[in-house]
Each structure stands twice: as C-alpha cells, then as structure tokens.
Amino acid sequence: MQNTKNQARGSGIHARHNPTNDKTVSDDLQNASGNIVAPPRYRLTRLGEQMARLPIDPKIARILLAAKKHDCMAEILVIASALSIQDPRERPLEARDAAAKAHERFTDKQSDFLAYLNIWDSFQRERDKGLSNKQLVQWCRQYFLSHLRMREWRELHHQLAQTAIEMGLTTKEAAFRQPPIQEQLRPSESQGDQDLAAKLKQKQLDKKQHRAQVRAAKEAGYEQIHRALLTGLIANVGMKSPDGNDYTGARGSRFHLFPASALFKAKPKWVMAAELVETTRLYARDVAVIQPEWIEQEAPHLVRYHYFEPHWEQKRGEVVASERVTLYGLTVLPRRPVSYGKVAPEEAREIFIRGALVAQESNLQTAFFAHNKKLIKEITELEHKSRKQDVLVDDEALFAFYNERLPELVWKDAKGGVWGGEEGGQIQSDKMADQNGQANQRNAGRVAQAMHVNSNDTDKRVREPSSHTRQNVSDDPKPKKQPISQKGSLKPLPLADICTFEAWLKTAERENPRLLFLSRDDLMQHAAAHITEEQFPKFWQTADGKFKLSYRFEPHHPLDGVTMTVPLTVLNRLHAPSLEWLVPGMLREKIQLLIKALPKQIRRICVPVPDFITKFLESNPDRQAAIIPQLAHFIAKSAGDMRILEQIDQDAWAAQELPEHCYLNLRIIDDGGQELAGGRKLHELQQQLGQAAAVTFRDNTQEFERDNVTTWDIGTLPESIKFARGKQQLTGYLGLQKEKDGRIALRLFDTTEAAEQAHRQGVIELMKLQLKEQVKDLNKGIQGFTQAAMLLKHINADTLRDDLTQAVCDRAFIGEDELPRNEKAFKEQIKRARSRLPAVKEALSRYLQETAAAYAELNGKLGKHPLTHLLRLRLQTLLAPGFASHTPWAQWPRLPIYLKAMALRLEKYSSNPARDAAREADIQELEQMWQEKTDGLIKQGLPISDGLAAFKWMIEELRVSLFAQELKTPYPVSVKRLLKEWEKIFN
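Under our numbering, the sequence shown has 1127 at position 689, and the numbering climbs by one with no breaks.
Shown next, in the form of structure tokens:
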C-alpha cells in the first residue's frame, strides 16, 4: 500500500481533498468500498489489486473500474482526471458575475459532473479548428478557464487513458472522447408536396421528434455515467430533509449544496457529491441527481436490509414482510414487500400455519381444507346458537395440530418433487453418501477461507429478538445466493407459501391421504348435547311456509342473535306477538331478563327463577299472543293473589329495553334474494315496505282478480285462496275495492284486516250502482242540511255533504250485517238497504240538526271564558271534518248531549274552578292512557280492538257525568269504573 501512495505522489496526480486532512490512503480505500484495504493479515481482492495499479485516489480508481462495466470509459476518464486536479474554472472576485455568466454555457441542470464534459468538448472543438496556442489561451480567458489547468487536465487524462489501455479496461479507440456531433434538424422528405400549413405542422413535429431523440440519448448516457461515479462516491450521497433545505447524508451527517452548483436552486430529492467540504457549513461540491435504486444496485455489499411487519398475504399466497434498505443509517428504500421465507424460514412457517391454515385466509382448493373449513363452520354455528364460546377449540390447538404434521423444512429434487424434512434428508444423505469422501477432502483445504467469510457475514448481520408476532422487526443483510447444487441433489425450501405447501402435500398424501383432516374430537371441547335442532330450529314455520333462521353470537353486531329471512310478499302477514317467542333455546334467557326488570317485591314471587320459567313454559302459554300479559297473569296466579296484576305496570314493563339478541331480527328480501331492509321492529318494516309488500303479493295473481266490476257477476268469494309462488305456498284474501279512479275491482289482499276493510267499502260502492236513484236523491242533501252547514261553518259544505252521504250509506247498506260474499247475499242486502235507507236518512237528519244547534249555542257562550281554549280543542276532536263517517252510529244521538254538557260546564265553572280542574285532571289521565295505547298499536301496525275503541266514548260519557250530571248517561260511569274497564280490556 505504501508503494501505491508513492506512485500517486511521484506521478504528480493527487486527490482533490482538503490538504489539511490527515487521512491516509488506507482510510480512503476503506471509505470507498469497505472491503478493499484491510489489516495486513487479509489479502486484497481481485478488484483491490486492480485499484492498486491505478496511481490515483482509490475512490477515482473504483469509478474507472466501474466505467468498464457501464461502457462509459471515455466519459469517466475525462471526469476522473478533472476530479484529480484543481477546478479549471476561475472565479476572480473582481469579475465573479461575469465568470458565472461565462460558465453558464457549460452548465448542466442535472449534474455538475457533466459540466466537465461540456468544458472538455468545447475546448476540444476549439483545438480541432486548428487554433494557435495564443488563440486557445485567449478563448480560455474569454470563458474564465485556466489554460494551465486545462493543459494539466489533458496530460493527466492521457496518462490515465494509457494506464487503462495497458490494464485492458478499454481500447485505444474507445479511451479518447470525441466531441459529439451536433446534428442539425433535417426536414422531412415529403415536404415538397405539401402546402404551407402542412409544412409548418410537419416542421413542428420534426422539431419535437428531434428533441425527444436528443433527450433519450442524453438520459441513457446520464445513467451509465452516474452509476459508475456512484461506486466511488457512495459515501457522499444524501437525501433532502423534508423540513428544510439541507440534506441528510451517511452516518447521520447533514450538508448543504454549494451555492455555485447548478442544482442549488432546484434541490432535488437525492444527490451525489464529489466531496464534502466544511467551512462555515458542511457543503457538497460537484453534485448530481441520482435515483436511490442505483445505490442498492451499485453497492449491495454496503447496504443493510431491515425486515419488519411479517404477515400472511392471502392475495400473493405467501408470507410477506416489509423490507427497508439503508446505507450507513440513511434510508434508501423505506418499504417494499419481500418473501419472508428466505429471511426467517422458521418464523415464516409459523405465520403461514396461523394465517393460511388456522385462520383459513387462503384460496386452497384441496380436500382437507374444504373438509376442515366445513367442520369448523358447523361447530362455530353451535357456538352462535348457544351464545357461548366454549365449544370450538382455540387457535393454539389448531396450530399445534398443523405444526405437528407439517415438516420444518421441505426439499425439492431435480424432477420437481417436494419432500418433507425427514424424507428429504434421507434421500439427500443417500445421494451424497458416495461423494462424502471427496467432499471432505476438498472442504478441508477451504476451512480457513470459509471461516473468514462467515466471520464477515456475522459482523454485518444484526438480528433483533423476534417473538413470532405480526409486529416483529428484524435486520438482516441481503441473503447470499446459494451455490448451485450438484445434479441429483435436493434443494431446501422454506414452507411459507401456497405453491410449496401444495407441492409437499401432493407428495405427503400418497402415504397418508387424510394427513391434515381434522375430526370433530379435534375441534370440540365438549359434546354440546343441549344444542339440538328442536331448541335451535333451522326454519321458522308459519301458515305461509317456512323461513330460514341463522344464528350469530357477536354482541353489538347488527346480526347478533337469531335472524329470519322473510320474502317481501309475506311481510304484512307476520304477527308481532308470535315473533316475541324467538326460538326455544333462546326463550329462557329472554324471560329471565324480563323477570329481572320487575320490581323487587314482585320479583321475589319468581324465585327460584329457573324453576319458575320451567313452570311457566309447561303451562302452555299462547305462542301467538304477547309474552308480558301472559307472564304477568302467571306471576299473579303463582302468588295466589290476582290483585298483583294491578301492581304490575305492563306498559312500563314492555318499554324496558332488553339486549338486541332478545328480539328476532328480520331480513326482508325480494324474489331475487336481494336484501331490501332489515331490523328488529316489525311495525317499522311494515310501515316502510308494507305497501310494496301488498303490491308484490299480488304479482302474477291476475287469474283471481278483475277490473271494472259493475254488478255481482264474480260468483262466490271464498274466505281465502291458497296459491304457489315459486316454492312457497301463500294464502290470499279476496275482496272488492274502490280504486282511485272511482271504479270497483276485485283484488287479492295479503291480510284479512286489509281485505275486510276494502271489501266493506267496495260492497257499498257496488250497491250505490244498483241504487242509483236513491243515492242521487241522497246527494241532493238531507233535510235541514243547509241550516246545519251554515252553523257548522268550520267544515266545507261539499265535504260535509259527502261525509253525511257516506255515513248514511254505511249504516243503511251494511250497518251491523255480515258482508255479502255471493250474488244471493248481495241481492238480499240490496233489499234490506232499500227498506232501511229512509229511516236512516231521517234519523241522521234529526241528529245533525240537534248537533248543529247545540254547537251554535255552545259557540256563542265561549267568548273569553277561562275554559274557551280547552273546549275548542274538544270541539275540534268531536266535530272535525269527516266526523260523520267516523262516529259510530250508536254515538250519534249522544253528540248533542256532549255539546250541551260543555255549555253547562261553562255555567258551573265560576262556582268552583278548583273542582273543575281536578276532574279535568282525572279525565286527562285516562285520555292520555288511551292515546298512548292507541298510538302504540298504530305504530306497530296492530288493529285497535273494539273494546279500546269503545273506551274513547266512555271517556266522553264520564265528562257528562262529572260536569253535567243532570243530563244523565246511558250507563254508570266513574273514574274507578273506567280503570277497571281498562284492566278488563288488556287482561
């Protein structure tokens, strides 16, 4: 090495670095490539021997050797000789701006190194012109170049070129750079036949194509030159800091671009510098733009590889980790996915088992995988039904099953067969048995060299502790390529990807086809005998067929509990109380939670709760009725005191929120199986999709329906009709219906309530067509209508007339009679209607006049009385538009009495306002109870019972009894009597 230093000094060639720096050439050699110069006990590599023959800085020597690989020796010889002398460009203080402007012609926007090529080419062109020495000096002064240094540069270039030729790095023709010929733009050959506009357009295209060709040639040469430079200047790379204008370099250094650099303003992300000079700051001089990928490709022995976040990647079908590449602590590539099996085979194998086999996150098309997946799904469904995760074994048990059966390592033979660890090891030992003697003899002579290489690799390898988790991070140099095995030997492969696993499985299943098949005993912790189909049925059976049930145990999930898939066609036919009973296996828990919600003094009656629930279920409660009324009745019966029923507030009890899985979840689908809606509240789904369900129910039922019915020529209407819709047997209900256009049609309905309501109106409209003269006379107005309409002026006269006509027809045509369902009954009903119509008309006329008179009298007394606001609200309820058809016939005679009672209340109010307020409070409490119950039933889509409808009129009679007792009531009423009646209605 000392000879190398003496050669460099004797030749006059010196490295461009700070002369005060006392680094030795050995330091430079070690910094340049890391494995060239070493302590005396090591030998130089072949590359180091070649570098030692070059009498220049080792960094520059390394660049020259790389130039041969990248086929850019002529350019690198020019740049290398320039870097080995003082910069030929002069920048005198008194003419700094002029010098900078003159040097601009040599500048390259991407690289300061290419500026040396531009100077060289410009100087060479001037020499080729045959200029004298004086003219060349004058040219150098014009562009602020030192002619002396230019001559020194050329001499050094000649020496390096001769040395490179002698070493066989290049040929004489390729060693000396010729200035590139500046090709002029050539016009297209076809321009002669074109007009002026076409010629201009063609000229623009030619220019564009010429620029693209020049740019492509420059880019190709740029990468070759700078890849070669990077091999020697690898320690001077840097990446721009995201939060500043400086650069982060190797070993944590930070530097700035030298202001004279052509890249100073652009500040690219990655740069390479010829040298780092420290003055007031650490500056990088002679810099160029590079790509970070070049660093790994040109200096693979210097970069480190760090592996983190190993995980199973289902899409790629292998265990993958993220790889980070660093150079002296500088991150070159922050993240890229790599196969983890080659890095850490044991850990990758475990991740493969846990991800691909245990978690079943793979697309394996094998018999064992399909069998195991199906078996695990069946046992998981048992857990969903029992709502306890105590049946299926945990993931560790599954891992142990596969870990025991999968080999630690697999071997691939020359024919492509893959064998497990023991089989492969045995085959490998058999094949290599005859070669062991020769191999041992050869290896004995290489022990020292192998120990040397292994020690170097160990120094570079930094393995952090791993814990076989997804967050594991490890550092490792790039795995070395294994030497090519001899023909017939086995190649070890990590078991960390689907392809290798399937190849091994194909071989392993020849001896044991059910090697990886799981059994129920392997998967189940206990027998789960209590989870039977009787307790957890697969289908919900109704009169319209059976509907699929699915179970899920996942609290707070929308599908937690049991879900029933229901076709839209039967949505309106579902009965909310029957859905409260869930399935037998989940009912006990729901009843237990209901009992827990009761007050303590009532809850005591149910102790012990499990036995009480058993007795309740053995009492055969009605599964088509609500649970709470039956459970409350059973509690009172068990206590032997039916008065306990009065202590149980069933409305408040029903309002108690239970966990979501205690309510049946409904999934509504269309005929194509697509989900339309879902939820646990049947009334909301019926409000949302009820109309669509009714329309869908009638699809393809034209054989049962008829339009434009004018007489009863439709035969006998059955109570119900059964018909098939696909695989489903449905029940429909026929009835007449008045259409929007006023015509009458025969329609099929999905519920009895809807059919009965429509059929009553349809029959009345059909009877109107048969009794045209009577209806025409009725439409002219009943006796006293004009006077009544003037008194009831808050209702439009036409609206009132139509309402009264409808009320008369409803009472006279149907009344309390059964609706006709055949032609004979319809004709008999017409006869009765003819005879009843005059009496009904006369009675309604009398009731209307009395009501209008009482309303006028009351309206005249209201004025500014304290009760005016309250009584006007009552009037809006009793005599709202449409009141005639909504008021039951039995209540018509009482309407004037209710109005007179209000007038008497006004007169009595002043004598005792407190008593009036107290009585009103009692009435308001009863009315609120009725209103809440009615609203709840309407909201749930349930019918209002006759008893509940009659209770409203009982409240009106109570007002008469409390505020105008002298008017009398048809039956005894009081607050206590009404409360008892309320209990009878719901108990």
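Heads up, the beta-carbon is just placed ideally off N, CA and C, and yes, glycines get one too. Bear in mind that the values here come from a model prediction, so they are computed numbers and not experimental data.
From the listed residues Ser957, Ala673, Thr769, Phe1251, the smallest Cα separation to Ile814 is found for Ser957. Per DSSP, reduced to three states, the secondary structure at Leu1317 is coil, with no helix or strand assignment. Secondary structure remark: continuous alpha helix (DSSP H) runs of at least 4 residues inside the segment 792-838, in chain order: 805-824. A direct Cα-to-Cα measurement between Glu1419 and Gln1329 gives close to 19 Å. According to the DSSP assignment, Asn1103 belongs to the beta strand (DSSP E) that extends over 1103-1107.
In this chain, the alpha helix (DSSP H) harbouring His1071 covers 1065-1077.
Within the segment 918-995, the alpha helix (DSSP H) runs of at least 4 residues that lie entirely inside it are, in chain order, 936-946, 958-961.
For Ala1162, the beta-bridge partners assigned by DSSP are Gln1167. Take Ser1399, set aside five residues on each side of it, and the residues of its chain with a beta-carbon closer than 6 Å to its own are Thr1407, Val1411, in chain order. In the structure shown, Glu846 falls within a coil segment according to DSSP collapsed to helix, strand and coil. In the DSSP assignment, His694 forms a beta bridge with Tyr721. Residue nearest to Tyr554 within the set Ile498, Asp525, Trp1091 is Asp525 (criterion: CA-CA distance). Cβ-Cβ distances below 7 Å link Phe837 to Ile791, Arg792, Val796 in the same chain, with the five nearest sequence neighbours on each side left out; the list follows chain order. If you look at Lys753, you'll find it isn't in any beta strand (DSSP E); DSSP assigns it neither H nor E. Leu1155 is positioned such that its CB atom lies closer than 8 Å to that of Arg1259. Where Met588 is concerned, the enclosing alpha helix (DSSP H) starts and stops at 585-604.
Taking the CA atoms as reference points, Gly659 sits about 11 Å from Ala666. Ile1233 has its alpha-carbon roughly 8 Å from the corresponding atom of Ala1318. In the three-state DSSP reduction, Lys678 falls in the strand class (E or B). Taking 8 Å as the cut-off, the beta carbon of Ile1182 is found closer than this to the beta carbon of Glu1203. Inter-residue distance for Val1008 and Phe985 is about 10 Å (C-alpha atoms, whole angstroms). Each residue's CA atom was taken as its position, placing Leu954 and Asp960 some 11 Å apart.
Rounded to the nearest whole angstrom, the C-alpha separation of Thr608 and Ala504 is 12 Å. Here Asn1010 is buried, its C-beta having at least 16 other C-beta atoms within 10 Å. Between Glu1143 and Leu1207, the CB-CB gap reaches or exceeds 8 Å. The DSSP-derived three-state label of Tyr743 is strand.
Scanning Glu1261, Phe1389, Ala688, Trp978 for the CA closest to the CA of Thr1149 turns up Glu1261.
Here Met511 is buried, its C-beta having at least 16 other C-beta atoms within 10 Å. The Cβ-Cβ distance between Val725 and Trp708 does not fall below 8 Å. With at least 16 other beta carbons inside 10 angstroms of its own, Met710 counts as buried. Per DSSP, reduced to three states, the secondary structure at Pro772 is strand.
The beta-bridge partner set that DSSP reports for Ile1182 consists of Lys1176. Taking the Cα positions, Gly687 is about 41 Å away from Arg565. Looking at the DSSP output, His749 sits in a beta bridge with Val758. Checking the DSSP bridge columns, you'll see Trp708 partnered with Met677. Straight across, the Cα-Cα distance linking Arg1081 with Ala1074 is about 7 Å.
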